[in-house]
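If you're matching positions, the sequence shown starts at 572 in the working numbering and goes up one per residue. Take a look at the structure below.
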Amino acid sequence: MTLEQIRKENPLVHCMTNVVVTNFTANGLLAMGASPVMAYAKEEVADMASIAGALLLNIGTLSTEQIESMILAGQAANKAGVPIILDPVGAGATTFRTDMSLRLLNEMNVTVLRGNAGEIASLVGVKATVKGVDGAIEGDTIELAKKAAEMFNCVAVVTGAVDVITDGQLVHTISNGHPWLTKVVGTGCLLGAVIGAYVAVRRDDVVAAATDAVAYYGIAAEIAFSKTNELGIGAFQQAFLNELALVTDEKVDQLQRAEV
Ligand SMILES: Nc1ncnc2c1ncn2[C@@H]1O[C@H](COP(=O)(O)OP(=O)(O)OP(=O)(O)O)[C@@H](O)[C@H]1O
Ligand SMILES: Cc1ncsc1CCO
Ligand SMILES: [Mg+2]
């Protein structure tokens, strides 16, 4: 009953994210029942991360200055036992993005690493094509996710038409979702924040929390599509936010297409 708990506790999710998706991320968290805060200054990030329910680090529009802030925030989060979600946006597209993602993974214990297959592959050294923020691989995403989880000692969430969630041992796949999610910018980024809210209230079982978060998200997209397919992508984006607020734990149990 994780969603119910999120809506009762309103966990604070400290987002250090990119300028493209900031507003969408804050609205998505509010819609689901969590509480967003965006904070970047190195003078305050440690304090903010320490009192948060989860910390999201997303490198989508990263600068050198921001990386220093993210390290301060991440180390404070580790000290306070606050889970960290890392989204290595565009890793593989440039050396800077790959290097900075690996640096963050080195300097702190990341709880959940969430990216598309191309991004995760670039971090584990598997061949991938990454064009800007979109990436893909030819091989098996389950093996890729397991490798990432083992290598970085975290839960890996590799998203795409089928999402893979693993700690290296347990493997869950979720086939909910809709292709229109790829037509709205920042849906991957918001998913990282949503996983943060789930893990915030369910720290004892990160794999289960991340799996439910991914299923919930995909189901919201499916319902949103069913209500707006004759209208188009703009209407879908709004309906998706509406569904993030409306979908319940019961709906998630009923509609999730999960494999263990
Ligand atoms: N072909 C698809 N069919 C159904 N759902 C999809 C498809 N592709 C992606 N999704 C869903 O879209 C969401 C975002 O995943 P995606 O892999 O597109 O992230 P991303 O590439 O990091 O996105 P972005 O960079 O735009 O934030 C996930 O919930 C995923 O399940
Ligand atoms: C389009 C884009 N460019 C940098 S971050 C971002 C948002 C989606 O990842
Ligand atoms: Mg992404």
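We treat Cβ as the ideally placed atom computed from N, Cα and C, and that holds for glycine.
Alpha-carbon to alpha-carbon, residue j and residue i
i, j, result
"A642", "E636", "Checking the sequence shown, residue 642 turns out to be Ile, not Ala. Cα to Cα, I642 sits roughly 10 angstroms from E636."
"E830", "M572", "19 angstroms"
"G805", "L812", "11 angstroms"
"I691", "D618", "30 angstroms"
"R674", "A605", "29 angstroms"
"R828", "V818", "15 angstroms"
"E709", "L761", "26 angstroms"
"G748", "V733", "8 angstroms"
"D783", "E614", "35 angstroms"
"Y788", "V823", "9 angstroms"
"S746", "V785", "9 angstroms"
Option in the options with minimal Cα separation from residue i
i, options, result
"A644", "V616, K822, L601 and M587", "V616"
"A727", "H749, V756 and A779", "A779"
"R668", "L628, I655, V735 and I794", "L628"
"I713", "M587, G703, G731 and V704", "G731"
"D705", "V785, D783 and V755", "V755"
"T588", "A662, D820 and V608", "V608"
"A610", "S640, L815 and K579", "S640"
Three-state secondary structure assigned by DSSP to residue i
i, result
"K579", "helix"
"K702", "strand"
"R674", "helix"
"C565", "With the chain covering 572 to 831 only, the question about residue 565 has no answer from this structure."
Contacts around residue i, its chain only, beta-carbon distance under 7 angstroms, and the 5 residues preceding and following it disregarded
i, result
"L752", "T758 and A792"
Residues near residue i in its chain [Cβ-Cβ closer than 8 angstroms; skip 5 each side]
i, result
"V695", "L715, K718, A719 and M722"
"E678", "I642, G645 and Q646"
Under 8 angstroms between C-beta atoms of residue i and residue j
i, j, result
"A612", "L583", "no"
"A781", "V683", "yes"
"A816", "A602", "yes"
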